[in-house]
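Read through the structure below, which is laid out as structure tokens, and then see the notes.
In the working numbering, the protein residues as written are 2 to 65.
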């Protein structure tokens with residue numbers, strides 16, 4: 002459910018299973034449940050063009 006932008010990773014809300022496993026792994030503490038996330042980031046993810054982003058399925062694929 003992770004996709005790479007130039008300067009960050011984003012989570013496709015349609016792919017997310019809401020397991021919360023990624024929250025504790027994020028070094029920036031930037032992953033929050035929807036009920037705690039600022040609306041601007043919920044909107045950002047909802048409007049992201051995931052079809053044209055690189056899907057990250059393994060930590061080793063991150064290029065930034």
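Beta carbons are placed, not taken as given, at the ideal position from N, Cα and C, and that holds for glycine. Please read all numbers here as calculations on a predicted model, not as lab measurements.
Near residue i, which residues of its chain fall below 8 Å by C-beta distance, leaving aside the five closest residues on each side in sequence?
i	result
residue 21	34
residue 57	3, 4, 5, 10, 63
residue 54	4, 5, 6, 11
Please check if any C-beta of chain D sits within less than 7 Å of the C-beta of residue i.
i	result
residue 12	Absent from the structure: chain D. Only one protein chain is present.
Going by beta carbon distance, what residues of the same chain come within less than 7 Å of residue i, once the five residues before and after it are set aside?
i	result
residue 26	none
residue 16	2
Whose C-beta lies closer than 6 Å to the C-beta of residue i among residues of the same chain, with five residues either side of it excluded?
i	result
residue 23	32
Check for me: the beta strand (DSSP E) holding residue i runs from which residue to which?
i	result
residue 3	3 to 5
residue 56	55 to 57
residue 10	10 to 12
Please confirm whether any heavy atom of the ligand FAD lies closer than 6 Å to the CB of residue i.
i	result
residue 43	What this structure holds is no ligand at all, so the ligand FAD is not there to describe.
Which first and last residues belong to the alpha helix (DSSP H) in which residue i is found?
i	result
residue 48	40 to 48
**Request:** Could you tell me whether the region 41 to 50 touches the region 11 to 22, using the rule of 3 or more Cβ pairs below 8 Å?
**Result:** yes
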